[in-house]
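Asks: In the working numbering, the protein residues as written are 213 to 323. Here a beta-carbon is modelled for each residue, glycine too, at the ideal position from N, C-alpha and C. Got a structure for you, written out below as structure tokens; questions coming shortly.
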């Protein structure tokens with residue numbers, strides 16, 4: 213008998229029984245890269261140098277408590293859930309950051 217508690221121990225069996233992977237490893241790595249790069253470039257958070265506004269976002273949608281890294285985590289999570297206001301997306305955020313740091317190799321690699 214296959215139990216739900218066995219899912220964590222044998223993920224490949226869970227997939228064989230109809231489960232699906234929710235996100236590809238490449239996309240997941242890209243998200244982690246963004247979560248590392250943006251706080252380094254804009255340490256005060258999404259409001260630093262008005263990056264959120266320049267990327268098409270609405271600052272009033274952000275939770276602006278905690279340190280800059282925590283604010284970025286919340287902001288990027290908001291985008292992944294379809295929020296953030298305006299026309300903001302991960303791509304528009306990367307483009308706005310590239311306007312500020314055009315020679316940043318890792319950031320260019322996220323395009």
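Please determine, among 243, 306, 322 and 323, the residue with the shortest C-alpha to C-alpha distance to residue 254.
Replies: Nearest C-alpha to residue 254: 306.
Asks: Reducing DSSP to helix, strand and coil, say where residue 251 ends up.
Replies: If DSSP states are grouped into helix, strand and coil, residue 251 belongs with the helices.
Asks: What number of angstroms, rounded off, separates the C-alpha of residue 323 from the C-alpha of residue 317?
Replies: So the alpha carbons of these two residues sit roughly 11 Å apart.
Asks: Under a three-way DSSP split, which group does residue 275 fall into?
Replies: Correct three-state label for residue 275: coil.
Asks: Can you find the residues in the same chain that come closer than 7 Å, C-beta to C-beta, to residue 249, ignoring five residues on each side of it along the sequence?
Replies: Taken in chain order, the residues that qualify are 318 and 319.
Asks: Report all residues from its chain with a CB closer than 6 Å to the CB of residue 314; omit the five preceding and five following residues, and keep chain order.
Replies: Hits under 6 Å: none found.
Asks: In the DSSP assignment, find the unbroken alpha helix (DSSP H) run with residue 283 in it and report its ends.
Replies: Here the alpha helix (DSSP H) through residue 283 covers 280 to 292.
Asks: Please report the distance separating the alpha-carbon of residue 310 from that of residue 273.
Replies: Near 23 Å, if we compare the C-alpha coordinates of residue 273 and residue 310.
Asks: Enumerate in chain order the residues of its own chain whose CB-to-CB distance from residue 266 is below 8 Å, with the five nearest sequence positions on each side excluded.
Replies: Closer than 8 Å at the Cβ level, and outside the excluded window around residue 266, lie 308 and 311.
Asks: Using the three-state DSSP reduction, which class does residue 267 fall into: helix, strand or coil?
Replies: Three-state DSSP puts residue 267 in coil, outside helix and strand.
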